[in-house]
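Trainee: Please read through the structure below; I'll follow up with questions.
Protein chains in written order, with this note's numbering: chain E, 31 to 141; chain W, 1018 to 1406.
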């Protein structure tokens, strides 16, 4: 499967992620300035929705235990999470965000 | 307060607030849909339960094959009749849903004082993952009877079962569950057992296949002198989630419980969970309990969670203990075997066989024990030994 429409760009807040479902995955869409990123909406530590946490400095924070993940690489930048979350390719076309959940950017298999 | 009331309060006969368990009840509204952060749900990937937590009445069934020796009857009864037979109500939403939506219940009745010549064999086979199947079973063993009941699960399904086990006074029951599902099956099961006076329940769980298996076994006692031995073996492959939850409620004096679960994990994202809870009430003087869980992590990328809990309300007991371990292959054992000229593959096989053997040998049905040993080896072949080829 190729890119599928996830949401409108204007729906993505700047300080939080937007939870969307693309195909069989829950995806968190987040932005840092003009760049838009998509991660699997599931903390690799305790299975919490990352989209419920805050986004700042190109990281997303899991609200439950405070692990932060880099939006670009999906890698955790703070404990207790140690495993990266899957990141998906994103394209912005005419104000809409498209995500391809069949390929991951960082090679992590989505849970 | 009268003397009776004071005494009753002192021994806490009525009710004790267990920190680990919600109230058992058949009322579904008392078990709201979990968010995933509750203590009893936090290890379970709820999405992978594929809608088992929703209140849907479905008409699907598992295919059933039976071998009933003399002295055993299997009858269909209504759900209300099943609930009225006794035993503890469901502890969680899954159990309550199974008890509510199963349509009818099966009562497996073993006559009092019967000594079965051969095991009761129940084979349940699932044919489609799209079916949501609810099951309600009552196993009733009459006073002083002696029986072995084997329940074998195979195939693909989304199955939620609630089983009540009533072991009569002085009876002996060996209850064996083999969960050998296909890779896409989802299985939740709650087994609530009540052990009669001086009765013995030996329960075995062998979980070898399925995408997600979550079982919870809850034992209490109908009188003093009862004994519950709960044994489990699980072998999780890549991506599989196997969760076994045990709760022994020592609500009568001079009762015994002994829990041993052993597991092996291999492959990316193999995940096992073992929760062993024991509650020793004030009234339960002179009891003995021991719980043990050991996990062998065979490859990288697996996760084994193991949580033993003890709640002790009286110190007047014979013994209470628990142990838990998560480890990998012992290099020294492997080195020893290699130094004796045993090949690497054979050495690993031997170590795993040695790890599980004492559990498998406890099953006093030779053909089943053999089959299980073979299955463990087959599992090993898939990953650990395949790497060496």
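Cβ coordinates follow ideal geometry from the N, Cα and C atoms, glycine included.
Compare the C-beta of residue 117 of chain E against all C-beta atoms of chain W and say whether one is closer than 9 Å.
Mentor: No - not a single Cβ of chain W is within 9 Å of the one on residue 117 of chain E.
Trainee: Got a sec, what are the start and stop residues for the alpha helix (DSSP H) residue 1366 of chain W sits in?
Mentor: Unbroken alpha helix (DSSP H) run through residue 1366 of chain W: 1361–1379.
Trainee: Would the beta-carbon of residue 1171 of chain W fall within 9 Å of that of residue 1203 of chain W?
Mentor: No.
Trainee: Relative to the C-alpha of residue 1275 of chain W, which residue among W:1057, W:1152 and W:1249 is closest?
Mentor: Per the Cα distances, W:1249.
Trainee: Could you tell me which of W:1235, W:1059 and W:1129 sits nearest to residue 1186 of chain W, measuring between CA atoms?
Mentor: Residue 1186 of chain W has its Cα closest to that of W:1129, out of W:1235, W:1059 and W:1129.
Trainee: Going by C-alpha distance, which of E:107, E:115, E:94 and E:40 is nearest residue 63 of chain E?
Mentor: Out of E:107, E:115, E:94 and E:40, E:40 has the C-alpha closest to the C-alpha of residue 63 of chain E.
Trainee: Counting only runs that start and end within the stretch 1244–1271 of chain W, where is the beta strand (DSSP E) found for 3 or more residues in a row?
Mentor: The stretch 1244–1271 of chain W contains these whole beta strand (DSSP E) runs: 1244–1253 and 1258–1267.
Trainee: Go ahead and pull the three-state DSSP assignment for residue 1352 of chain W.
Mentor: Residue state, collapsed to three classes: helix.
Trainee: Where does residue 1112 of chain W sit, in a helix, a strand or coil, going by DSSP?
Mentor: DSSP places residue 1112 of chain W in helix when its eight states are reduced to three.
Trainee: For a cutoff of 9 Å on Cβ pairs, would you count residue 78 of chain E as touching chain W?
Mentor: For residue 78 of chain E, the answer is yes, since a Cβ of chain W falls inside 9 Å of its Cβ.
Trainee: DSSP three-state call for residue 1401 of chain W: helix, strand or coil?
Mentor: The answer is helix: DSSP assigns residue 1401 of chain W an H, G or I state.
Trainee: On a Cα-Cα basis, can you pick out the residue from W:1229, W:1321 and W:1301 that is closest to residue 1310 of chain W?
Mentor: If we check each option's Cα against that of residue 1310 of chain W, W:1321 comes out closest.
Trainee: Counting only the same chain and skipping the five closest in sequence on each side, list residues whose C-beta sits under 6 Å from that of residue 1192 of chain W.
Mentor: Cβ within range, chain order: 1166 and 1220.
Trainee: Give a single yes or no on whether residue 1166 of chain W has its beta carbon closer than 8 Å to a heavy atom of the ligand ZN.
Mentor: The model depicted lacks the ligand ZN and carries no ligand whatsoever.
Trainee: Looking at the unbroken beta strand (DSSP E) that takes in residue 136 of chain E, where does it start and where does it end?
Mentor: Note, residue 136 of chain E: premise wrong, no beta strand (DSSP E); not H, not E.
Trainee: Flag this pair as touching only if the stretch 1122–1140 of chain W and the stretch 1080–1089 of chain W have three or more C-beta atom pairs under 8 Å; answer yes or no.
Mentor: Yes, the stretch 1122–1140 of chain W is in contact with the stretch 1080–1089 of chain W.
Trainee: Just tell me which of W:1401, W:1022, W:1155 and W:1057 has its CA closest to the CA of residue 1281 of chain W.
Mentor: The candidate whose alpha carbon is nearest that of residue 1281 of chain W is W:1401.
Trainee: Closest to residue 1303 of chain W by C-alpha separation, out of W:1399, W:1334 and W:1213, would be which residue?
Mentor: Of W:1399, W:1334 and W:1213, the residue nearest in Cα terms is W:1334.
Trainee: Taking 9 Å as the CB-CB cut-off, is residue 1062 of chain W touching chain E?
Mentor: It does; some Cβ of chain E falls within 9 Å.
Trainee: Using a Cβ cut-off of 7 Å, pull out every chain E residue sitting near residue 1053 of chain W, in sequence order please.
Mentor: The contacting residues are 77.
Trainee: On the DSSP letters alone, give me the boundaries of the beta strand (DSSP E) that residue 1321 of chain W sits inside.
Mentor: From DSSP, the beta strand (DSSP E) with residue 1321 of chain W extends over 1320–1329.
Trainee: Just tell me which of W:1138, W:1259 and W:1214 has its CA closest to the CA of residue 1382 of chain W.
Mentor: Closest by alpha carbon: W:1138.
Trainee: Per the contact definition of three or more C-beta pairs closer than 8 Å, is the stretch 1323–1337 of chain W in contact with the stretch 1364–1373 of chain W?
Mentor: No, the stretch 1364–1373 of chain W does not touch the stretch 1323–1337 of chain W.
Trainee: Taking just the CA atoms, how far does residue 1108 of chain W sit from residue 1235 of chain W?
Mentor: Roughly 9 Å between the two C-alpha positions.
Trainee: Among the residues of its own chain, which have a CB less than 6 Å from the CB of residue 1195 of chain W, if the five just before and after it don't count?
Mentor: Contacts found: 1169 and 1223.
Trainee: Here's a check: name, in chain order, each residue in its chain whose Cβ is nearer than 6 Å to the Cβ of residue 1209 of chain W, leaving out the five neighbours to either side.
Mentor: Contacts found: 1104, 1105, 1181 and 1235.
Trainee: Just to confirm the assignment: which complete beta strand (DSSP E) runs, minimum length 3, are found wholly within the stretch 1139–1193 of chain W?
Mentor: For the stretch 1139–1193 of chain W, whole beta strand (DSSP E) runs of length 3 or above, ordered along the chain, are 1163–1184.
Trainee: When you compare the CB of residue 1285 of chain W with every CB in chain E, is at least one pair closer than 9 Å?
Mentor: By this cut-off, residue 1285 of chain W is an interface position.
Trainee: Please name the residue in E:77, E:136, E:132 and E:139 whose C-alpha comes closest to that of residue 34 of chain E.
Mentor: When each option's Cα is compared against that of residue 34 of chain E, the closest is E:132.
Trainee: Using beta-carbon positions only, say whether residue 38 of chain E and residue 127 of chain E come within less than 9 Å of one another.
Mentor: Cβ atoms of residue 38 of chain E and residue 127 of chain E: closer than 9 Å.
Trainee: Should residue 51 of chain E be flagged as near chain W, meaning a C-beta pair shorter than 9 Å?
Mentor: False, the Cβ-Cβ gap to chain W never drops below 9 Å.
Trainee: Could you please give me the residues that DSSP links to residue 1060 of chain W through a beta bridge?
Mentor: In the DSSP output, where bridge partners are listed per residue, residue 1060 of chain W has none listed.
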